[in-house]
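Colleague:
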Amino acid sequence: MLEIQDLDVFYNGTQALYGVSLAVRKGEIVSILGRNGAGKSTLVKTIVGFVQPKRGSIKLDGIDITEWPLEKRTKGLGYIPDNKRLFGRLTVSENLQISALGSENPKACLENVESILNYFPALKGMLKRRAVTLSGGEQQMLNLTRALSRGSGLFLLDEPLAGLAPALRESLTRAIFDLREKDGSSFLVVEQEITVPLKISDRIYGLLNGKIAFEGTPKEAVEKKVLEDILMISKTS
Amino acid sequence: MLSAFRKVWATNVNKSIIVAVVLLGVLPLIPYVPHAIAIDVLIFGLLALGYNIVQGHMGQVSFGLAAFFGLGAYFAGLFAYHVDIPSSAAWIWLILSVAATGVVAFGMGAVVLRRRGAYFALTNLAFLQMFYYIILQLKDITGGDDGIWGISTPTFGAIQLTPMSLYYLCFVVFVVCLLLMKRMILDSPSALVLHAIRQDEARAQSLGYNVYGQMLKAYTLSGVFSGVAGAMYFLEMQYIGLSYLHWSLNGEVIAMVMLGGSGTFIGPLLGAAILIVLKDVVSMYTIHWMIIVGVLIMVVILRMREGILGAFKSLRF
């Protein structure tokens with residue numbers, strides 16, 4: 001589904017990624033874990049197209065998209081940025097409409113919205129509210145609904161758990177598994193928090209100082225005790 | 238979910254448009270309202286509405302809007318002066334003038350939309366100054382500094398262009414433009430996209446939108462409507478001159494937009510009407526009318542930041 005080879009990325013003049021290679025196969029849930037400044041968001045932004053790599057390639061379904069403009073890449077992607085970035089002055093409904101209109105199949109996307117809202121039913125009563133009036137958690141729910149309804153084969157979720165209460169984390173997990181089962185969707189989840197990624201991922205990459213420091217299953221990551229180094233977690237936790 | 242974009246608000250906007258059209262329809266019939274003032278309200282109202290596509294809907298300030306107004310007037314005037322137009326083809330002349338302005342707007346937009354903010358504003362100004370000096374230099378064709386006076390305007394079939402018939406001709410053109418503008422900028426999915434782009438361009442792009450393409454479309458439309466206003470102004474004045482392309486016109490139109498409310502659809506029209514009437518009334522009493530009008534504008538803008546119509550939430554975007 002997604003294949004990244006030897007990516008070197010510079011961000012604001014500083015090298016942020018060094019020869020990063022990874023893959024997400026169809027129907028896989030892959031997480032990238034790393035502490036602040038490891039390069040996780042830079043990696044996602046490079047895949048989406050906000051940042052151009054200096055070297056390396058990005059392939060989606062075998063097609064090299066490295067030189068594609070941002071709007072062409074994201075037509076077929078469900079992307080959740082790390083800082084929500086909703087259109088605050090538009091209502092919840094309008095935010096969902098605008099996301100659908102920009103997708104490859106707006107009609108199907110709008111139909112998907114109804115089913116995705118079942119995972120976040122609290123949003124159903126807020127459709128006419130301006131997005132800027134929502135709380136942080138509500139905004140994240142809207143962000144998730146917006147992205148997950150795109151009907152894409154591949155979803156890039158940059159810190160999707162931020163601001164979500166435990167019950168909503170469960171809802172997100174269910175949504176991810178259901179979409180994978182129903183459509184064979186693939187997920188690339190970037191997170192600092194480890195509990196949910198360890199629970200849901202088929203494979204994990206650990207990113208440390210812009211380099212892939214680990215690749216394997218969650219079980220292997222725990223057995224090899226690599227997460228303490230990658231996330232700078234205290235060895236006693 | 239597929240329901241119309243803000244039904245309740247759209248209804249209030251429709252109401253405001255109907256009120257504006259009815260008032261403009263009877264304006265020249267009101268005693269003591271000079272026809273010249275009434276026509277200027279139409280013309281500069283259309284110019285302000287056209288410009289607000291860039292400022293209000295796109296969220297960018299331009300110091301080059303006078304370019305399209307001036308070019309619309311010049312194309313119309315030069316066609317009428319240099320080409321023998323049969324009266325049956327007068328509408329074609331108007332359309333050609335506006336189309337020519339649209340082509341210029343498209344070309345200009347392709348360049349200026351590579352930048353935002355102050356750079357966008359000033360690049361527009363640079364183009365305006367360029368057109369000003371080109372027209373100045375092409376004296377044999379444009380009359381240069383002197384302009385060209387007394388150009389016979391084409392007749393429109395059996396219509397004799399008296400002040401009243403001229404007003405209603407411009408009124409019909411105005412209403413057509415207003416409805417087209419509403420359809421293209423307010424009622425279409427493009428309206429939602431434009432407002433999203435105004436709030437967060439990068440995010441709109443990450444949702445799959447060609448931001449540059451969308452903005453170029455809106456910018457060109459703004460130029461076309463401004464060009465129509467310019468062509469109508471030529472019809473009124475039967476004169477073309479460099480004052481149509483003077484940079485000071487930018488300030489007046491921006492003031493009209495902010496007075497009426499850049500965040501509303503019909504606000505700029507109200508702002509144009511107020512400014513034109515103010516100028517006319519105050520200038521009857523003092524030669525220092527510019528100072529007084531300037532102070533009045535400042536007071537309104539400082540006390541009513543959203544503009545006069547912007548004070549009504551239901552009329553805002």
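Protein chains in written order, with this note's numbering: chain A, 1 to 237; chain B, 238 to 554.
Where a beta carbon is used, it is the ideal one built from N, C-alpha and C, also for glycine.
#1: Specify the secondary structure class of V536 of chain B as computed by DSSP and reduced to three states.
#2: Check distances from the C-beta atoms of the region 78-93 of chain A to those of chain B and list, in chain order, the residues that come in under 9 Å.
#3: Nearest-angstrom Cα distance between G78 of chain A and V430 of chain B?
#4: Considering Q436 of chain B, what are the terminal residues of the alpha helix (DSSP H) in which it resides?
#5: Rounded to whole angstroms, what is the Cα-Cα separation between F411 of chain B and K419 of chain B?
#6: On the DSSP letters alone, give me the boundaries of the alpha helix (DSSP H) that Y470 of chain B sits inside.
#7: Looking at the secondary structure, which residues open and close the beta strand (DSSP E) in which V114 of chain A lies?
#8: Looking only at C-alpha atoms, which of A:S99, A:E191, A:P53 sits nearest to G34 of chain A?
#9: Sorted by chain position, which residues of the same chain lie with C-beta nearer than 8 Å to C407 of chain B's C-beta, five sequence neighbours on each side aside?
#10: Interface residues of chain A around P426 of chain B at Cβ under 7 Å?
#11: By the DSSP assignment, the beta strand (DSSP E) with A213 of chain A in it spans what residues?
#12: Determine the chain B residues that contact T145 of chain A at a beta-carbon separation under 8 Å, and present them in chain order.
#13: Using a 10 Å radius around the Cβ and a threshold of 16 neighbouring Cβ atoms, would you call N289 of chain B buried or exposed?
#14: Less than 9 Å between the beta carbons of R150 of chain A and S99 of chain A, yes or no?
#15: What runs of the beta strand (DSSP E), each 3 residues or longer, lie entirely inside the region 142-169 of chain A?
#16: So, F177 of chain A versus T145 of chain A, is the Cβ gap smaller than 9 Å?
#17: Taking C-beta pairs closer than 9 Å, name the residues in chain B that T14 of chain A reaches, listed in chain order.
#18: I'd like to confirm the pairing. Which residues does DSSP put opposite R542 of chain B in its beta bridges?
#19: Chain A partners of A433 of chain B, CB-CB under 7 Å?
#20: Quick check: G498 of chain B and G488 of chain B, are their CB atoms within less than 9 Å of each other?
#21: Going by DSSP in three states, Y318 of chain B sits in which element: helix, strand or coil?
#22: Just the chain A side, please: which residues come within less than 9 Å of N447 of chain B by C-beta, in chain order?
#23: Which of the three DSSP states is assigned to E28 of chain A in this structure?
#24: Rank B:G301, B:D383, B:A313 by C-alpha distance to the C-alpha of D356 of chain B and give the top, closest one.
#25: Apart from the five residues on each side of it in sequence, which residues of its chain come closer than 7 Å, Cβ to Cβ, to I534 of chain B?
#26: What did DSSP end up calling A310 of chain B once you bin it into helix, strand or coil?
#27: In chain B, which residues lie less than 8 Å from F50 of chain A when you measure between Cβ atoms?
#28: Quick one: is L331 of chain B buried, meaning 16 or more other Cβ sit within 10 Å of its Cβ, or exposed?
#29: Please report the distance separating the alpha-carbon of V250 of chain B from that of F316 of chain B.
#30: Could you tell me if K224 of chain A is buried or exposed, where buried requires 16 or more neighbouring beta carbons within 10 angstroms of its beta carbon?
#31: Chain A partners of L429 of chain B, CB-CB under 8 Å?
#32: How far does the alpha helix (DSSP H) with Y79 of chain A in it reach, from first residue to last?
#33: As a quick exercise: from A:L123, A:A38, A:L2, pick the residue whose alpha carbon is nearest that of T91 of chain A.
#34: Using the three-state DSSP reduction, which class does T14 of chain A fall into: helix, strand or coil?
#35: What separation, rounded to the nearest whole angstrom, lies between the Cα atoms of A313 of chain B and S334 of chain B?
#36: When you compare only the Cα positions, how much space is there between A257 of chain B and Q451 of chain B?
Modeller: In brief:
#1: Against the second sequence, residue 536 of chain B aligns to sequence position 299. Reduced to three states, the DSSP call for V536 of chain B is helix.
#2: Y79, P81, R85, L86, F87, G88, R89, L90, T91, S93
#3: As a first step, residue 78 of chain A is located in the first sequence; it is residue number 78 there, counting from the start. As a first step, residue 430 of chain B is located in the second sequence; it is residue number 193 there, counting from the start. Each residue's Cα considered, the two are about 18 Å apart.
#4: In the second sequence, the residue the question calls residue 436 of chain B occupies position 199. Unbroken alpha helix (DSSP H) run through Q436 of chain B: 426-436.
#5: As a position in the second sequence, residue 411 of chain B is number 174, starting the count at 1. As a position in the second sequence, residue 419 of chain B is number 182, starting the count at 1. Answer to the nearest angstrom: the Cα atoms are 12 Å apart.
#6: As a position in the second sequence, residue 470 of chain B is number 233, starting the count at 1. That run of the alpha helix (DSSP H) goes 448-474.
#7: Your numbering for residue 114 of chain A matches position 114 in the first sequence. Here residue 114 of chain A is Glu; the residue named in the question, Val, does not match the sequence. Careful: E114 of chain A lies outside any beta strand (DSSP E), inside the alpha helix (DSSP H) at 106-117.
#8: Numbered from its first residue, the first sequence carries residue 34 of chain A at position 34. Measuring from the Cα of G34 of chain A, the nearest candidate turns out to be A:E191.
#9: Along the second sequence, one-based indexing puts residue 407 of chain B at 170. Around C407 of chain B, the same chain offers I276, L279, I280, M469, L472, E473 as residues with beta carbons nearer than 8 Å, after the five sequence neighbours per side are excluded.
#10: Within the second sequence, the letter at position 189 stands for residue 426 of chain B. Those within 7 Å of P426 of chain B in chain A are L101.
#11: Start at 1 with the first residue of the first sequence, and residue 213 of chain A comes out as number 213. Note, A213 of chain A: beta strand (DSSP E), 211-216.
#12: Taking the first residue of the first sequence as 1, we reach residue 145 of chain A at position 145. Here the premise fails: no neighbours, minimum Cβ distance about 12 Å.
#13: Here residue 289 of chain B is taken as the residue at index 52 of the second sequence, counted from 1. It is buried - the Cβ of N289 of chain B has at least 16 other Cβ atoms within 10 Å.
#14: Counting from one through the first sequence, the residue named residue 150 of chain A turns up at place 150. Counting from one through the first sequence, the residue named residue 99 of chain A turns up at place 99. The answer is yes: Cβ separation under 9 Å.
#15: Runs of beta strand (DSSP E) with 3 or more residues, each lying fully within the region 142-169 of chain A, are found at 154-158, listed in chain order.
#16: Locating residue 177 of chain A in the first sequence gives position 177, counting from the first residue. Locating residue 145 of chain A in the first sequence gives position 145, counting from the first residue. If you check the CB distance, F177 of chain A and T145 of chain A do not come in under 9 Å.
#17: Counting from one through the first sequence, the residue named residue 14 of chain A turns up at place 14. Result: empty, since nearest Cβ-Cβ is about 21 Å, beyond 9 Å.
#18: In the second sequence, residue 542 of chain B corresponds to position 305, counting from 1. None; R542 of chain B has no bridge partner.
#19: Taking the first residue of the second sequence as position 1, residue 433 of chain B is located at position 196. Counting only Cβ-Cβ distances below 7 Å, A433 of chain B has contacts in chain A at F87, L90, I98, in chain order.
#20: As a first step, residue 498 of chain B is located in the second sequence; it is residue number 261 there, counting from the start. As a first step, residue 488 of chain B is located in the second sequence; it is residue number 251 there, counting from the start. Not a contact, by the Cβ cut-off of 9 Å.
#21: For the purposes of this step, residue 318 of chain B is taken as residue 81 along the second sequence, with counting starting at 1. Residue state, collapsed to three classes: helix.
#22: Residue numbering aside, residue 447 of chain B sits at position 210 when the second sequence is read from its first letter. Chain A residues near N447 of chain B: P69, E71, K72.
#23: As a first step, residue 28 of chain A must be located in the first sequence, where it is residue number 28. E28 of chain A falls in the coil class under three-state DSSP.
#24: For the purposes of this step, residue 356 of chain B is taken as residue 119 along the second sequence, with counting starting at 1. First, the residue type needs correcting, since residue 356 of chain B is Tyr and not Asp in the sequence shown. Ranking the options by Cα distance to Y356 of chain B, first place goes to B:G301.
#25: Indexing the second sequence from 1 puts residue 534 of chain B at position 297. Answer for I534 of chain B: A492, L496, listed in chain order.
#26: Locating residue 310 of chain B in the second sequence gives position 73, where the first residue counts as 1. Helix.
#27: As a working note, residue 50 of chain A is residue 50 in the first sequence. By Cβ distance, chain B contributes A439, S443.
#28: Position 94 of the second sequence, counted from the start, is the residue given in the question as residue 331 of chain B. Buried, by the Cβ-count rule.
#29: Here residue 250 of chain B corresponds to residue number 13 of the second sequence, with the count starting at 1. Here residue 316 of chain B corresponds to residue number 79 of the second sequence, with the count starting at 1. When rounded, the distance between both Cα atoms is 37 Å.
#30: Here residue 224 of chain A refers to the residue found at position 224 when the first sequence is read from its first residue. K224 of chain A counts as exposed, since fewer than 16 other C-beta atoms from the protein chains shown sit within 10 angstroms of its C-beta.
#31: As a working note, residue 429 of chain B is residue 192 in the second sequence. By Cβ distance, chain A contributes L90, E94, Q97, I98, L101.
#32: Counted from its first residue, the first sequence places residue 79 of chain A at position 79. Y79 of chain A -> not in any alpha helix (DSSP H); beta strand (DSSP E) instead, spanning 77-80.
#33: Here residue 91 of chain A refers to the residue found at position 91 when the first sequence is read from its first residue. Closest option to T91 of chain A, Cα to Cα, is A:L123.
#34: By 1-based counting over the first sequence, the position of residue 14 of chain A is 14. Note: T14 of chain A maps to strand in three-state DSSP.
#35: Position 76 of the second sequence holds residue 313 of chain B. Position 97 of the second sequence holds residue 334 of chain B. Those two C-alpha atoms are separated by around 5 Å.
#36: Start at 1 with the first residue of the second sequence, and residue 257 of chain B comes out as number 20. Start at 1 with the first residue of the second sequence, and residue 451 of chain B comes out as number 214. Answer to the nearest angstrom: the Cα atoms are 29 Å apart.
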